[in-house]
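In this text, residue positions in the sequence shown follow numbering that gives the first Met the number 0: the first is 0, and each later residue adds one. Read the structure below first, then the notes.
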Amino acid sequence: MEGRQPKRRKDKYNPYEIYEKDGKYYEDLEIGKNVYEAFNTFELQDVSHMNVVDRHLEQSEIWDSSLYERVFQKEEGVEDTVLNKLEAERLHSAIRQLSEIQRRRLMKYYFEDKNYEQIAQEEGCSFQMVAKSVKAAIRNLKKILR
0 MEGRQPKRRK DKYNPYEIYE KDGKYYEDLE IGKNVYEAFN TFELQDVSHM NVVDRHLEQS
60 EIWDSSLYER VFQKEEGVED TVLNKLEAER LHSAIRQLSE IQRRRLMKYY FEDKNYEQIA
120 QEEGCSFQMV AKSVKAAIRN LKKILR
């Protein structure tokens, strides 16, 4: 059948099982064109209604609970913004003081979200060497930032 057809999702909430055999196998059932079109129309209206309900819930969440929480959220002040920026600059300066290997591995681990195994494969070394290098970099950063 051509035209607008909803995507039929098979899940535990799908009430459109026509016939089930042995709790496992589904049998085909031949229906007329008018029944098929009525079913299609119903399913489209059902999906449309579910979308309306979802949008309503989303909007009510924004206006009720989220709005109430936003009232009590404190905006970040100028001092906090400046302090955060200074801390970030200090951290980047400390990272630049690390050895080339420690800096590279630390950046891959924390800023590129790679794990030790991925870094080890890229650099052709062992997992343990990468782990030791990153831990040493963290220790060195703590010393520098004290």
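Idealized CB from N, CA, C, for every residue including glycine.
Looking only at its own chain, which residues have a Cβ that is under 8 Å from the Cβ of residue i, when we skip the five neighbours before and after it?
i	result
E1	Caution is warranted here: a pLDDT of 48 is assigned to E1, below 50, making its placement in the model unreliable, and the coordinate value is therefore given only provisionally. No residues qualify anywhere along the chain.
Y115	Y108, F126, V129, A130, V133
Mind checking which residues open and close the alpha helix (DSSP H) that includes residue i?
i	result
L144	126 to 144
K107	99 to 109
D112	From DSSP, D112 is part of no alpha helix (DSSP H); its letter is neither H nor E.
I94	77 to 95
Since residue i and residue j should fall inside the 8 Å C-beta cutoff, what is the C-beta to C-beta distance between them, to a whole number of angstroms?
i	j	result
R89	L144	7 Å
A93	L140	5 Å
L97	A136	5 Å
Tell me which residues share the same chain as residue i and place their Cβ nearer than 6 Å to its Cβ, disregarding the 5 neighbours each side in the sequence.
i	result
M128	none
K142	none
R138	none
Any Cβ of chain B within less than 9 Å of the Cβ of residue i?
i	result
R103	Absent here is chain B; the protein component of the structure consists of one chain.
Can residue i and residue j be called in contact, C-beta distance under 9 Å?
i	j	result
I30	F38	yes
Apart from the five residues on each side of it in sequence, which residues of its chain come closer than 7 Å, Cβ to Cβ, to residue i?
i	result
K73	none
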